[in-house]
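Each residue of the sequence shown is one higher than the one before, counting from 81 in the numbering used here. Every residue, glycine too, gets a C-beta built ideally from N, C-alpha and C. Remember, predicted model here, so these are calculated numbers, not experimental data.
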Amino acid sequence: MFDILLFAGTEEGRTLAGFLKNCGREVLVLTATRYGADRIEPGVNLTVEEGRLDENEMADVIRSRAAAEAVVVDATHPYAVQASENIRKACRETGRTYLRIYRESTLRPDSSDVLVSSPAEAAAWLKEHPEGKVLLTTGSKELPEFTSVPGFPERFYARILPMKSNLEICEQLSLPPSHLICMQGPFSEEMNIALIRQTGASVLVTKDTGTAGGFNEKKTAADKCGCRLLIIGRPSQEQGISESECLEILKNKFPDLSLAEKEQEAKDAADKADRRIAVIGIGMGSRDCRTMTQEAAEYCRHADLLIGAGRMLEAVAAPGQRTVKEYRPQEVSRLIREDTKSRQIAVLLSGDVGFFSGAKKLLRVLPEQTEVMSGISSLIYFCGKLRESWDDVCITSSHGRDCNLIGEICRNEKVFSILGTEDAVRNLCRSLLDYGMTDLRIEIGENLSYPEEKVLHGTPEDFVNYSGSALSVLLVHNPKPDCFVTQGIPDESFERDKVPMTKEEIREISVSKLRLTDRSVVYDVGAGSGSVSVETALRAREGKVFAIEKNPVAVQLLHRNRKKFRADNLQIVEGLAPEALEELPAPTHAFIGGSSGNLKDILRILLKKNPRVRVVINCITLETVGEALDAMKTLSLGHTDIVSVSVARAKKAGPYHMMMGQNPVYILSADGEPDGQQE
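So, in structure tokens, the structure goes:
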């Protein structure tokens, strides 16, 4: 008979099973699926079984296999309401002690999140908001609820566990393979960002899964991608206890558990005192380890376990040395935590641990005593090859991240970038030539430190058909960088034809009122010839600017001005607002220079995409001012500010200069929330 029955299937259940594995008491762990069972290691006193049980089967198991004084621990998922109710009822019927482990919610929704109480409510909300792709991360069991949403299955992408039963459900619902993401978590923030961008999702549907379920990583990723979070709240505010409280109750019930714990703690303390863990930068990755420090190479030679991505392990591992191919921080942490045999563990990272490295996130989840050993970064290695100093280099990476490389090259004499694809060099060089940047010197490093290492020199024209290794870096020299740090492009510098343009002085005040950051996402609604679009794109150099314009002639001017000022982070959207805004990512800032009578509808969609958006509106007529003030009041925008600007410019009249007045312009600015706080 078993002293403890543990219904697992969650991270808390797996952790508890790990503690009970060597406790001296007979423990039966029950999981609903083979996937759950495979993640729990059996022990001498711990038996793991899988299979779904109904209410009667649960009662039979408890009655026939649990000792009279046994404790039944319910560590099922917070959303497994029926399973918990069946376990609770079976314990009442059989007279066994019932403990429910309750996972604390980390839900702190902001005003851009949508909170619903069930999958059915989530589906209803999506019916009312038919725009944009949807990434479902709620599991396969909830998928049928969403089949009634218009656009299913084309509009939906589902992330599910890689299990046959889940695939069968998706097949029955006609979800195409191209819309399925079969992966096992936990998922990092970067992975969530990659999936949101890959699917083009504007809505991410999730449950309130807490820290253990990766909710925080999803929330942060969605915020960074301008993706709205649709959260299915927990089905009930049930009472329960924490994992640590459960352990205390079990130790009070079974005193020998405390003794076993103390023995294990003493053993762990002795092990930790004699155990070393190090995060190691292996440099470029050549097999001879010549870009590792001697300290790091010596440490790896004597390591009992090497953990890292495949390329790192191939470069460092000796024949027969134990390795695990893993790079995700939470999984690396789990591997180290559960490994009780290895006395010396090395976690391998490419390059240097402080240079666009995963070390930052790894160190958050690894023990405090973890050592850090630097390697030679690609920047230092490559600049050494070129006999170039790197203290005056602008350092960037376009490997797995967005980077306005054109903008950085325009502003800096020397720009270094890590590349991540075989066509990155030729795509960059073609863009440079499109922008007329022909007098640059480019140096490419490919497969650095490997036998097939190449260092190439040339101009953008030399590399327009170049195809090289994804393991490449480049250094770009610009002899004439732009040095301006403020807005202020003269009106005559813009291509304008007969299209209206926001004049220079009004433009500078308006852009200042936007309060841009380097990473702002800006809408320029009614962009005209693009003077505001260009100014904001050059200021928000790591962000994105969307110029929305309905006039085909103005659209052509926008393209010409984008090219002239090399505003590579400026995207031109031809169409009429608000309809043209529907598929765009959420803005942090918006400038409205022309609304075609749709001002209130434009503001409404801006606030729907980001309730904290910062808005600046230019008005010439008093009627437009009245319309703008009414819209701001109706939609509860806060920190409203109104400025009337009259500008006079000097004009030569013979030997004299006469001041010629221009029409006054009203500049209105406001925040999407009354407190004026911005994202």
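Best match in the options for proximity to residue i [C-alpha to C-alpha]
{"i": "residue 586", "options": "683, 699, 106", "result": "699"}
{"i": "residue 450", "options": "471, 204, 428, 533", "result": "428"}
{"i": "residue 402", "options": "413, 424, 409", "result": "424"}
{"i": "residue 567", "options": "523, 621, 575", "result": "621"}
{"i": "residue 570", "options": "558, 557, 584, 406", "result": "584"}
{"i": "residue 50", "options": "193, 326, 637, 215", "result": "The structure shown does not extend to residue 50, since the chain is modelled only from 81 through 759, so no value can be given for it."}
{"i": "residue 268", "options": "296, 555, 281", "result": "296"}
{"i": "residue 575", "options": "610, 543, 596", "result": "610"}
{"i": "residue 529", "options": "431, 444, 120, 589", "result": "431"}
{"i": "residue 166", "options": "404, 486, 281, 134", "result": "134"}
{"i": "residue 631", "options": "439, 608, 515", "result": "608"}
{"i": "residue 147", "options": "362, 83, 108", "result": "83"}
{"i": "residue 513", "options": "363, 599, 648", "result": "648"}
{"i": "residue 265", "options": "377, 407, 454", "result": "407"}
{"i": "residue 679", "options": "712, 653, 177, 654", "result": "712"}
{"i": "residue 483", "options": "422, 598, 383", "result": "598"}
{"i": "residue 727", "options": "629, 739, 115", "result": "739"}
{"i": "residue 594", "options": "121, 323, 623, 669", "result": "669"}
{"i": "residue 277", "options": "213, 321, 223, 323", "result": "213"}
In DSSP terms, what residue i is bridged to
{"i": "residue 111", "result": "130"}
{"i": "residue 722", "result": "748"}
{"i": "residue 218", "result": "Looking at the DSSP assignment, residue 218 forms no beta bridge with any residue, so it has no partner."}
{"i": "residue 739", "result": "730"}
{"i": "residue 654", "result": "629"}
{"i": "residue 453", "result": "360"}
{"i": "residue 639", "result": "DSSP lists no partner for residue 639."}
{"i": "residue 180", "result": "154"}
{"i": "residue 213", "result": "281"}
{"i": "residue 699", "result": "746"}
{"i": "residue 175", "result": "None; residue 175 has no bridge partner."}
{"i": "residue 495", "result": "474, 556"}
{"i": "residue 534", "result": "526"}
{"i": "residue 237", "result": "215"}
{"i": "residue 85", "result": "108, 152"}
Alpha-carbon to alpha-carbon, residue j and residue i
{"i": "residue 161", "j": "residue 307", "result": "29 Å"}
{"i": "residue 252", "j": "residue 245", "result": "11 Å"}
{"i": "residue 117", "j": "residue 330", "result": "22 Å"}
{"i": "residue 672", "j": "residue 702", "result": "16 Å"}
{"i": "residue 369", "j": "residue 490", "result": "37 Å"}
{"i": "residue 546", "j": "residue 499", "result": "14 Å"}
{"i": "residue 757", "j": "residue 751", "result": "With a pLDDT of only 40 at residue 757, under the threshold of 50, the placement of this residue in the model should not be trusted; the figure read from the coordinates follows. So the alpha carbons of these two residues sit roughly 7 Å apart."}
{"i": "residue 659", "j": "residue 157", "result": "41 Å"}
{"i": "residue 136", "j": "residue 170", "result": "8 Å"}
{"i": "residue 710", "j": "residue 326", "result": "57 Å"}
{"i": "residue 486", "j": "residue 646", "result": "7 Å"}
{"i": "residue 687", "j": "residue 725", "result": "27 Å"}
{"i": "residue 759", "j": "residue 410", "result": "Interpretation of residue 759 is limited by its pLDDT of 37, a score under 50 that renders its predicted location unreliable; the figure taken from the coordinates is listed afterwards. Cα-Cα distance, rounded: 28 Å."}
{"i": "residue 755", "j": "residue 716", "result": "Residue placement at residue 755 is flagged as unreliable, the pLDDT there being 44, under the threshold of 50; a coordinate-derived value is accordingly withheld."}
{"i": "residue 523", "j": "residue 557", "result": "8 Å"}
{"i": "residue 502", "j": "residue 548", "result": "5 Å"}
{"i": "residue 541", "j": "residue 504", "result": "14 Å"}
C-beta contact flag for residue i and residue j at 8 Å
{"i": "residue 314", "j": "residue 159", "result": "yes"}
{"i": "residue 605", "j": "residue 616", "result": "no"}
{"i": "residue 697", "j": "residue 748", "result": "yes"}
{"i": "residue 553", "j": "residue 626", "result": "no"}
{"i": "residue 691", "j": "residue 305", "result": "no"}
{"i": "residue 113", "j": "residue 263", "result": "no"}
{"i": "residue 311", "j": "residue 195", "result": "yes"}
{"i": "residue 218", "j": "residue 287", "result": "yes"}
{"i": "residue 591", "j": "residue 650", "result": "no"}
{"i": "residue 153", "j": "residue 142", "result": "no"}
{"i": "residue 250", "j": "residue 241", "result": "no"}
{"i": "residue 301", "j": "residue 272", "result": "yes"}
{"i": "residue 180", "j": "residue 320", "result": "yes"}
{"i": "residue 359", "j": "residue 223", "result": "no"}
In chain order, which beta strand (DSSP E) runs of at least 3 residues are fully inside the region 262-346?
Positions of the beta strand (DSSP E) runs, each at least 3 residues long and wholly inside the region 262-346, are given as 281-287, 308-312 in order along the chain.
Length at least 3, wholly inside the region 409-471: the beta strand (DSSP E) runs in chain order
Note on the region 409-471: whole beta strand (DSSP E) runs with a minimum of 3 residues are 424-429, 451-453, in chain order.
Enumerate, from N- to C-terminal direction, the unbroken alpha helix (DSSP H) stretches of 4 or more residues contained entirely within the region 670-715.
With a minimum length of 4 residues, the continuous alpha helix (DSSP H) runs that stay inside the region 670-715 are 679-689, 702-714.
Residue ranges of each beta strand (DSSP E) within the region 381-411, 3 or longer
Complete beta strand (DSSP E) runs here, min 3: 385-388, 403-405.
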